[in-house]
Structures are given as structure tokens and as C-alpha cells.
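A short write-up of the structure that comes next.
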Amino acid sequence: MLEFTPVSQPEVLPESPIELVEPKGKGLDEAFEEFLGFEVADGAASVDTINNYKSQTKMFLQWCIDTEVNPLLADKRHIQLYRKHLIEKYQPATIQLKLQVVRRFYDALIDSQLVKFNPAVNVKAPINKRSNVKIQYLELEQLTLLLKLAAGNSPKQKRDRVIVGLMALQGLRTIEVQRLSFGDFSRQGKKNFITVSAKRSQRRDKTKQSRFASYLWYSSLRQE
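Just so we're aligned: 32 in this note's numbering is position 10 of the sequence shown, and the numbers increase by one with no gaps anywhere.
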């Protein structure tokens, strides 16, 4: 198992494989776990966010192992090399996310006094040269064709039409649809509601469009 030694200043990489020694006090895992629990999203980060941070950090640490870089000795040049590695595989928006997690990782190490500076603080993702004009919705004809793909009376086909309707007509995001349960569908008077949850465990109510409300009532569809 690889272990790490904190030092006050970065050192030149040795030619031979580095030997990493565990620091006294908190280790990397413990320091980062504590940081995620208290600092990310003001202490209210969702499970998905926490898992994403852990996954991105694991990717960075694996790169450190593969390139024989001690993360506790890393400097700005090492993070730039990591960015170069990411550029070969990912788009600028994805690289920006991955570098942001690396910066937060080093913030955690600073809090735990494992390092004294953040080598990733001024390393940014490359500029996205693609057009900023993106179509964020389906045209009516495209939506109609998509619904036709889910035509049929089987439970799965009905479920698929509900999912498409929730996203296209109600504006729900993928993660909001994924977290829905039967208890999130409700009626109050003549109005129908969907309670959705997203990041930071926030919940909000959306009024279902009347033209779609009866069709969208998934529990009744299942009973047919």
C-alpha cells in the first residue's frame, strides 16, 4: 500500500521509483473524508456529489502512482502535466470539473496540515473553442418521434413514455427522474404535483401540466 510523507517544499522527482511513507496524524483518506463532510456544499453535499469527488480524486491519485508523483510533493508543474493527460481524453468542461476536485483535495490537505500550499490553485482547464450556442431542447417533431419509440402497452414502454414526458414537458433533470418514487406524486384539489429532489437534498414541488397529468400518473398505468 502506498503511503505519503508531508514536506514543507516540493522536491525534484527522483529517477527511481519513490518510496512513500505514511505521515503521522491524519492520512489522506481521513483528511479528505472529513473535508468533504464539512466543506463541500456547506456540509450538505448529496451522496452523488460526495461519490463524484471521491471518484475524481481516486483518478488523480492513480495518475500520481502511474507517473511516480508523490501528491504531497506535487507542485504546479505536476498539476499541469495532469491537465495535459486529461486533455488527451476529455473535453474542457470535464477537465474543469476534474481540476476543481483536485483543488478541493489540496484544500483538504492544507486544512489537515499535510501540505502548505495548493499546487492546483492557478491551473485552469483549456478554453472551450466550441460554439456556446447549444440547443438544449427537442423540437416538437423530435419529441414525437422519441415518444413513438416507446409506443406500446407493456409496463416498460409505459414507463419510458412517462420518463420522456417528465423530462420534456415538466423539465425534470435525469437525476430528479431517477430519484422519483410513488410517494412523490400527489394531488391537492384539482391540481397535481410532483415533488422532486436534487443536489444538497433540496426538494421542490412542480405542478403537473393538466394535459399530461392523467397520462403521467404512473401508478395507474401500472395497474392496467
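Even for Gly, the Cβ is constructed at its ideal location relative to N, Cα and C.
Just to confirm the assignment, what range does the beta strand (DSSP E) spanning residue i have?
i, result
"Ser203", "Segment: none, Ser203 is in no beta strand (DSSP E) and carries neither H nor E."
"Ile216", "Lys213 to Ser219"
Should residue i be counted as a contact of the ligand SAM given a C-beta to heavy atom distance under 8 Å?
i, result
"Arg105", "Ligands are entirely absent from the displayed structure, and the ligand SAM is therefore not among its contents."
Could you tell me whether the Cβ atoms of residue i and residue j are closer together than 9 Å?
i, j, result
"Leu191", "Ile216", "no"
"Leu50", "Leu83", "yes"
"Val184", "Arg201", "no"
"Leu171", "Leu160", "no"
"Val145", "Arg105", "yes"
"Ile101", "Ala142", "yes"
"Ala53", "Asp133", "yes"
"Phe204", "Asn214", "no"
Taking 6 Å as the limit between beta carbons, can you name the residues of its chain near residue i, skipping five residues before and five after?
i, result
"Leu188", "Leu194 and Val199"
"Met81", "none"
"Pro114", "Ala147, Pro148 and Asn150"
"Lys98", "Pro141"
"Leu165", "Ala190"
In chain order, what residues of the same chain have a beta carbon less than 7 Å from the beta carbon of residue i, not counting five sequence neighbours either side?
i, result
"Val123", "Tyr75, Gln78 and Thr79"
"Arg125", "Asn140, Ala142 and Val143"
"Asp182", "Ala172"
Counting along the chain, where does the alpha helix (DSSP H) carrying residue i start and finish?
i, result
"Glu79", "At residue 79 the sequence reads Thr, which differs from the Glu that was named. Looking at the DSSP string, the run of the alpha helix (DSSP H) that includes Thr79 is Val69 to Asp88."
"Val123", "Pro114 to Asp133"
"Leu108", "Lys98 to Ile109"
"Gln57", "The sequence given here has Phe at residue 57, not Gln. It spans Leu50 to Glu61 - the alpha helix (DSSP H) in which Phe57 sits, taken as one unbroken run."
"Ala190", "Pro177 to Ala190"
"Glu163", "Leu162 to Leu171"
By the 10 Å Cβ neighbour count, where 16 or more other Cβ atoms means buried, how is residue i classified, buried or exposed?
i, result
"Leu162", "exposed"
"Phe60", "exposed"
Which residues in the same chain have their Cβ closer than 8 Å to the Cβ of residue i, if we skip the five residues on either side of it in sequence?
i, result
"Lys46", "Low local confidence applies: a pLDDT of 47 at Lys46 is under 50, so the model's placement there is unreliable, with the coordinate-based value given in what follows. So no residue of the chain qualifies."
Check whether the stretch 103-112 touches the stretch 129-139, taking contact to mean three or more Cβ pairs, one atom from each stretch, closer than 8 Å. No, they do not touch.
Under 8 Å: do the stretch 112-124 and the stretch 71-84 share three or more Cβ pairs, one atom per stretch? Pairwise C-beta distances place the stretch 112-124 in contact with the stretch 71-84, as three or more of them are shorter than 8 Å.
Could you tell me whether the stretch 85-98 touches the stretch 137-149, using the rule of 3 or more Cβ pairs below 8 Å? Touching, per the Cβ criterion.
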